[in-house]
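Student: Respectively, the protein sequence lines represent chains A and X. For reference, each letter of the first sequence is one residue, going 45 to 266 in the working numbering. For reference, each letter of the second sequence is one residue, going 824 to 1131 in the working numbering. Each residue gets a CB set at the ideal place from its N, CA and C atoms; glycine is no exception.
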Amino acid sequence: MIVANRKTLEEILTMLKPYKKILLLGCNECVTVCATGGEREVGVLASEIKLSRAKEGQEIEVREQTLERQCDHEYIDQVRPFVGDYEAILSIACGAGIQYVAEKYRNKVVLPGVNTTFLGVTLEQGVWSERCQGCGECVLHLTGGVCPIARCAKSLLNGPCGGSSNGKCEVDKELECAWQLIVDRLKELNQMDKYEEIIPIKDWTTSRDGGPRKRIREDLRL
Amino acid sequence: MKTKSNIERILESGQLVVTSECGPPRGADAEVIKKKGKLLQGVVDAVNVTDNQTSVVRMSSLSACLILKEMGFDPILQMVCRDRNRIAIQSDILGAAALGINNILCLTGDHQKFGDHPKAKNVFDMDSIQMIHTVKTMRDEGKFLGGEEIKGKPILFIGAAENPFADPFEIRAARLGKKAKAGVQFLQTQCIYNMARFEKWMEMVRDRGLHERVGILAGVTPFKSVGMARYMKNSVPGMDVPDEMIERLKGVAKEKQSEEGIRICVETIQKLKQIPGVRGIHIMAIEWEEKVREIAEAAGLLPRPELA
Ligand code: SF4
Ligand code: SF4
Chain A
45 MIVANRKTLE EILTMLKPYK KILLLGCNEC VTVCATGGER EVGVLASEIK
95 LSRAKEGQEI EVREQTLERQ CDHEYIDQVR PFVGDYEAIL SIACGAGIQY
145 VAEKYRNKVV LPGVNTTFLG VTLEQGVWSE RCQGCGECVL HLTGGVCPIA
195 RCAKSLLNGP CGGSSNGKCE VDKELECAWQ LIVDRLKELN QMDKYEEIIP
245 IKDWTTSRDG GPRKRIREDL RL
Chain X
824 MKTKSNIERI LESGQLVVTS ECGPPRGADA EVIKKKGKLL QGVVDAVNVT
874 DNQTSVVRMS SLSACLILKE MGFDPILQMV CRDRNRIAIQ SDILGAAALG
924 INNILCLTGD HQKFGDHPKA KNVFDMDSIQ MIHTVKTMRD EGKFLGGEEI
974 KGKPILFIGA AENPFADPFE IRAARLGKKA KAGVQFLQTQ CIYNMARFEK
1024 WMEMVRDRGL HERVGILAGV TPFKSVGMAR YMKNSVPGMD VPDEMIERLK
1074 GVAKEKQSEE GIRICVETIQ KLKQIPGVRG IHIMAIEWEE KVREIAEAAG
1124 LLPRPELA
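1) Of all the beta strand (DSSP E) runs that stay within the bounds of the segment 824-910 of chain X, which reach a length of 3 or more residues?
2) I need the boundaries of the beta strand (DSSP E) containing Pro156/A, first residue and last residue.
3) Hey, how far is the Cα of Lys1114/X from the Cα of Ala1108/X?
4) Considering only heavy atoms of ligand 1, list every residue whose Cβ is less than 6 Å from one of them, following chain order.
5) One question on the structure: do Arg995/X and Ile981/X come within less than 9 Å of each other, judged by their Cβ atoms?
6) Look at the alpha carbon of Cys1088/X and the alpha carbon of Arg259/A, and state the distance between them as a whole number of angstroms.
7) Who are the near neighbours of Thr161/A in its chain, counting only those whose CB is closer than 7 Å to its CB and skipping five residues on each side?
8) Taking 8 Å as the threshold, find out whether the segment 892-907 of chain X comes into contact with the segment 919-927 of chain X through three or more Cβ pairs.
9) How would you call Ile910/X, buried or exposed, if buried means at least 16 neighbouring beta carbons within 10 angstroms?
10) Closer than 8 Å to a non-hydrogen atom of ligand 2 - does that hold for the CB of Leu264/A?
11) Quick one: is Gln864/X buried, meaning 16 or more other Cβ sit within 10 Å of its Cβ, or exposed?
12) Is it buried or exposed for Pro62/A, if we count other Cβ within 10 angstroms and need 16 for buried?
13) Going along chain A, which residues have a C-beta under 8 Å from Leu968/X?
14) Using DSSP with H/G/I as helix, E/B as strand and the rest coil, what is Glu1067/X?
15) So who's on the other strand from Cys78/A, going by DSSP bridges?
16) What separation, rounded to the nearest whole angstrom, lies between the Cα atoms of Lys1073/X and Glu85/A?
17) Less than 9 Å between the beta carbons of Leu68/A and Val127/A, yes or no?
18) Listing by chain order, which chain A residues have their CB less than 9 Å from the CB of Ala1005/X?
19) Once DSSP output is grouped into helix, strand and coil, what is the label at Leu930/X?
20) Strictly by DSSP, which residues pair up with Trp172/A?
21) Which residues of chain A have a Cβ atom closer than 9 Å to the Cβ of Ala997/X, listed in chain order?
22) Give the single residue among Lys1094/X, Gly1100/X, Glu1112/X whose Cα lies nearest to the Cα of Gly1123/X.
23) Once the 5 residues before and after Tyr130/A are set aside, which same chain residues still bring their CB inside 6 Å of it?
24) Per DSSP, Ala983/X forms a beta bridge with which residues?
25) Which residues in the same chain as Ala851/X place their Cβ atom closer than 8 Å to its Cβ, once the five residues preceding and following it in sequence are excluded?
26) Can you pull the chain X residues whose beta carbon is under 9 Å from the beta carbon of Asn210/A, in chain order?
27) Beta-carbon separation of Arg113/A and Glu83/A under 9 Å?
28) Within 9 Å of any Cβ in chain A, is that where the Cβ of Met1055/X sits?
29) Taking contact to mean 3 or more Cβ pairs, one atom from each stretch, closer than 8 Å, check whether the segment 1050-1061 of chain X and the segment 1021-1028 of chain X are in contact.
30) Just checking: is the beta-carbon of Cys176/A within a distance shorter than 9 Å of some beta-carbon in chain X?
31) Using the C-alpha atoms, what's the distance from Asp121/A back to Ser878/X?
32) Grab me the residues of Ile193/A's own chain with a C-beta within less than 6 Å of its C-beta, minus the 5 sequence neighbours each way, in chain order.
33) Whose Cβ in chain A lies nearer than 9 Å to the Cβ of Thr1091/X?
34) With H, G and I counted as helix, E and B as strand and the rest as coil, what does DSSP make of Val1043/X?
35) Distance cutoff 9 Å, beta carbons only. Does Arg1029/X sit that close to anything in chain A?
36) Going by the CB atoms, is the gap between Leu979/X and Ala919/X shorter than 9 Å?
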């Protein structure tokens, strides 16, 4: 899932300063699962905003709405009948959702209420961890199913740097060294011979470095 | 491909190689490098010039290499993957060779988090093993990574570093194996304090026959004080300082600790010289270059061989 973190209330209030009527948009997908931008968080944030503004004597009207998805225009269209009544939209979906809303309502100011952070998994209740950077050319079959691009602080492809110590990364003693995980997994799989092979320098054209990516499936197009 | 590197020639002659390092200053004053250089004259065969070590901005390695080259040294250009993509790396390789630099040390580089610009974006377009392969391809095949032909091949002796004290330990020799396969010719190790672990690593290296393919220079760093030893033990990633060393330094009076540190360093070198497969010593006296001569002298590493 895409994991995001809520911006601080202070930051959000600063962005909202000029407005008296806003539409607060949540999303039912990833940001709901990571407890940042779902219906519940929309409710909490709306009350926080209204309370703070009331305290300042600057009442604000906040309409709460949570869409099935903010990355599909059919759902974004659901707010079209009333979006005109609001001065700005505050979205707490991921960066893709926020942008798509902005694209659809060109004359509305759209503000980000979250910082979109990574593609990851739920480790346990309340703990999420990064797993993939969408590099566009997956090497997990060579690295025991552990991603060296997203999980090694230096994206090293041929083994651990000199800072790997007791399973931890040199960058942070709390962080697991991806290469320790890779080696452990290769051993478990009896694939240590894979470690001996040099992985050649990566072609980054499939990643962000190649420019914004687009995917077209002719067979699915209408 | 034969280079003009002193390291290559001394390795070939079968004698022990001695190298040391010079950290460029945090400013544009060439005198700082010259002063450090003077302390090393006649003591080393080649001198490493660090590349924004510990991610702290310093004078560029290549510029400091040139200053040392003009003083008669055979500098080793250190290059990290942190700050340059493949375009910049290849360009700097050509530039170094054009300026008469004979040696390059291909390194991953410390994470920028440790330095004075932790907010920087890092590059890591390639890793150190891929960098070794890049230099080799440029030199031996006369080709850029993109496949185009190079007019005027960069003739560099290729080095790398390895940390026998980092984890996972069992793949540390295999990692050197990958470096050898990529084309590395000499290797400098992280500072050695834990002799037992180093010997174990060397055994694994010999089992793979890597000591015959790569000239291994064992790294040492003298302690100035017990405080420094503690700092290295606790705060420098991948450093293995056994408690006995700390105890030994603690056992002498404060003003005698630096002398004791030098003594430990000299004893370490003497032990290292006995280990089969160790082909040289790399003395890293961090901001303590004035002690390198004394250490080399006491360890019986002087005089250095005369090269024509
Ligand atoms: S290799 Fe690339 S695609 Fe595969 S998990 Fe890592 S970042 Fe994602
Ligand atoms: S310690 Fe491990 S995860 Fe961290 S940068 Fe080095 S190899 Fe990568």
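Tutor: According to the data block:
1) Runs of the beta strand (DSSP E) inside the segment 824-910 of chain X: 840-845, 869-872, 898-903.
2) Position 112 of the first sequence, counted from the first residue, corresponds to residue 156/A. Looking at the DSSP string, the run of the beta strand (DSSP E) that includes Pro156/A is 153-156.
3) What you label residue 1114/X is simply residue 291 of the second sequence in a count that begins at 1. What you label residue 1108/X is simply residue 285 of the second sequence in a count that begins at 1. In a straight line, the C-alpha of Lys1114/X is about 7 Å away from that of Ala1108/X.
4) So the residues near ligand 1 by this Cβ test are Cys176/A, Gln177/A, Gly178/A, Cys179/A, Cys182/A, Val183/A, Leu184/A, Cys191/A, Ile193/A, Ala194/A.
5) Position 172 of the second sequence holds residue 995/X. Position 158 of the second sequence holds residue 981/X. Going by beta carbons, Arg995/X and Ile981/X fall outside the 9 Å limit.
6) Here the question's residue 1088/X lines up with position 265 in the second sequence. Here the question's residue 259/A lines up with position 215 in the first sequence. One C-alpha to the other measures close to 60 Å.
7) If you number the first sequence from 1, residue 161/A lands on position 117. Excluding positions up to five away in sequence, the list reads Val47, Ala48, Asn49.
8) They touch, by the three-pair rule.
9) As a first step, residue 910/X is located in the second sequence; it is residue number 87 there, counting from the start. Taking all protein chains shown into account, Ile910/X has fewer than 16 neighbouring C-beta atoms within 10 Å of its C-beta and is therefore exposed.
10) Stepping through the first sequence from its first residue, residue 264/A is reached at position 220. For Leu264/A, the shortest C-beta to heavy atom distance toward ligand 2 is 8 Å or greater.
11) Within the second sequence, residue 864/X is the residue found at index 41, counting from 1. In summary, Gln864/X is exposed, with fewer than 16 beta-carbon neighbours lying within 10 Å of its beta-carbon over all protein chains present.
12) As a working mapping, residue 62/A is identified with position 18 in the first sequence. With fewer than 16 other Cβ atoms inside 10 Å of its own Cβ, Pro62/A counts as exposed.
13) The count along the second sequence starts at 1 and reaches residue 968/X at position 145. Result: Ile245.
14) Taking the second sequence and counting its residues from 1, the one referred to as residue 1067/X is at position 244. It is helical.
15) Residue 78/A sits at position 34 when you count from the first residue of the first sequence. In the DSSP output, where bridge partners are listed per residue, Cys78/A has none listed.
16) Start at 1 with the first residue of the second sequence, and residue 1073/X comes out as number 250. Start at 1 with the first residue of the first sequence, and residue 85/A comes out as number 41. One alpha carbon belongs to Lys1073/X, the other to Glu85/A, and they sit about 57 Å apart.
17) Along the first sequence, read from residue 1 onward, the residue named residue 68/A stands at position 24. Along the first sequence, read from residue 1 onward, the residue named residue 127/A stands at position 83. Taking 9 Å as the Cβ cut-off, Leu68/A and Val127/A do not qualify as a contacting pair.
18) Translated into the one-based positions of the second sequence, residue 1005/X becomes position 182. Here the neighbours are Asn202, Ile242.
19) Along the second sequence, one-based indexing puts residue 930/X at 107. The answer is strand: DSSP assigns Leu930/X an E or B state.
20) In the first sequence, the residue the question calls residue 172/A occupies position 128. Trp172/A pairs with Thr166/A.
21) Walking along the second sequence from the start, residue 997/X turns up at place 174. Within chain A, the residues near Ala997/X are Gly203, Met236, Tyr239, Glu240.
22) Walking along the second sequence from the start, residue 1123/X turns up at place 300. That would be Lys1094/X, whose Cα lies nearest to the Cα of Gly1123/X.
23) In the first sequence, counting from the first residue as 1, residue 130/A sits at position 86. Result list for Tyr130/A: Lys65, Ile66, Leu67, in chain order.
24) Numbered from 1 along the second sequence, position 160 holds the residue referred to as residue 983/X. Beta bridge pairing from DSSP links Ala983/X with Cys929/X, Leu1010/X.
25) Counted from its first residue, the second sequence places residue 851/X at position 28. Only Met882 meet the Cβ criterion.
26) Translated into positions along the first sequence, residue 210/A becomes position 166. Listed along chain X, the residues sitting closer than 9 Å to Asn210/A by beta-carbon distance are Asp990.
27) Translated into positions along the first sequence, residue 113/A becomes position 69. Translated into positions along the first sequence, residue 83/A becomes position 39. The criterion of a C-beta distance shorter than 9 Å is not satisfied by Arg113/A and Glu83/A.
28) Residue 1055/X sits at position 232 when you count from the first residue of the second sequence. At a cut-off of 9 Å between C-beta atoms, Met1055/X does not count as an interface residue with respect to chain A.
29) The answer is no - the segment 1021-1028 of chain X does not touch the segment 1050-1061 of chain X, with fewer than three Cβ pairs under 8 Å.
30) Numbered from its first residue, the first sequence carries residue 176/A at position 132. Not closer than 9 Å to any Cβ of chain X, the Cβ of Cys176/A fails to qualify, so no.
31) Translated into the one-based positions of the second sequence, residue 878/X becomes position 55. Translated into the one-based positions of the first sequence, residue 121/A becomes position 77. Approximately 49 Å between the Cα atoms of the pair.
32) Working through the first sequence from its first residue, we reach residue 193/A at position 149. Within its own chain, the residues whose Cβ lies closer than 6 Å to the Cβ of Ile193/A, once the five positions on either side in sequence are excluded, are Gln177, Cys179, Ser199, listed in chain order.
33) For the purposes of this step, residue 1091/X is taken as the residue at position 268 of the second sequence. Result: empty, since nearest Cβ-Cβ is about 19 Å, beyond 9 Å.
34) Here residue 1043/X is taken as the residue at index 220 of the second sequence, counted from 1. Val1043/X: strand per DSSP, three-state reduction.
35) Taking the first residue of the second sequence as 1, we reach residue 1029/X at position 206. By the rule that beta-carbons nearer than 9 Å mark a contact, Arg1029/X does not touch chain A.
36) Taking the second sequence and counting its residues from 1, the one referred to as residue 919/X is at position 96. Taking the second sequence and counting its residues from 1, the one referred to as residue 979/X is at position 156. Cβ atoms of Ala919/X and Leu979/X: closer than 9 Å.
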